[in-house]
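9 is the number of the first residue of the sequence shown in this note's numbering; add one for each residue after it.
C-beta: ideal position from N, C-alpha, C; glycine also.
What you are looking at is a predicted structure, and each value in this text was computed from that prediction instead of being measured.
Heads up: the structure comes next, in structure tokens.
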Amino acid sequence: MKKWIVAVMSMILLSGCGWLYDMGGSSEYDISEANLEVPPFEFTNQENEPFGKEDLEGDYWLANMIFTQCPSVCPTMTPNMQRLQDAMLEEGVEMKFISFTVDPEQDTPEVLHQYGTNVGANFNYWNFLTGYHQDEIAELAKEAFATIVADIENSDDITHSTRFYLVDPYGTVIRQYDGLQSDQSDIIDDLKSTVN
């Protein structure tokens, strides 16, 4: 029994920040009945300028949580977000993209600007946000997206969601997508039909 517990705990720790959200997660995109609302916020973007919920009013926006030193899931999630950004621009779908860092101490605006540049972010549409304490992003993640942000003991990793969340122009979270999904054609189709 003891070996079994050690094996399970090892799997959890080795899988990094992606393990938590994927346990018991739904494959359905529509989560509008959950009545999740993004609370007011104002943080700092990659240009070191104030950026908040008011800047997103009237727009659909796709949100995720990442950090630039992430050793596990973010190197997959961020390029996936970039491909969705490019697909929506190519299709003429007007929407924004928001990446909240879960490591605001390390991820300064300058670091996030370089990170965004390296991954091909179009800063006219995609903002990387920092300028808060980790407990503030943990509270936002809990309230807006019903997920957690937490340090992993004895690790450089941080537990956070691997989902992308679509927020409507009124600040309601209406869709969730698997941010690790390599084939994004279904997500693209759903975004096109929902946002247009």
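Scanning SER40, ASP38 and PHE51 for the CA closest to the CA of LEU148 turns up PHE51. At a cut-off of 3 residues, the continuous stretches assigned as beta strand (DSSP E) that sit fully inside the stretch 167–193 are 171–175 and 180–186.
For LYS104, the uninterrupted beta strand (DSSP E) segment begins and ends at 104–109. Per DSSP, GLY128 lies in no alpha helix (DSSP H) and is assigned neither H nor E. Note: ASN72 is bridge-paired with SER107 in the DSSP secondary-structure output.
Boundaries of the beta strand (DSSP E) around PHE59: 58–60. Taking all protein chains in view, the Cβ of ILE145 is crowded by 16 or more other Cβ atoms within 10 Å, so the residue is classified as buried.
In the DSSP assignment, no residue is bridged to ASP198. Below 8 Å, too few C-beta pairs join the stretch 154–168 and the stretch 123–131 to call them touching: fewer than three. Per the C-alpha coordinates, the member of SER190, ARG171 and GLN189 positioned closest to ILE182 is ARG171. Inclusion of GLN77 and GLN54 in the CB contact set at 8 Å is not warranted, their separation being larger than that value.
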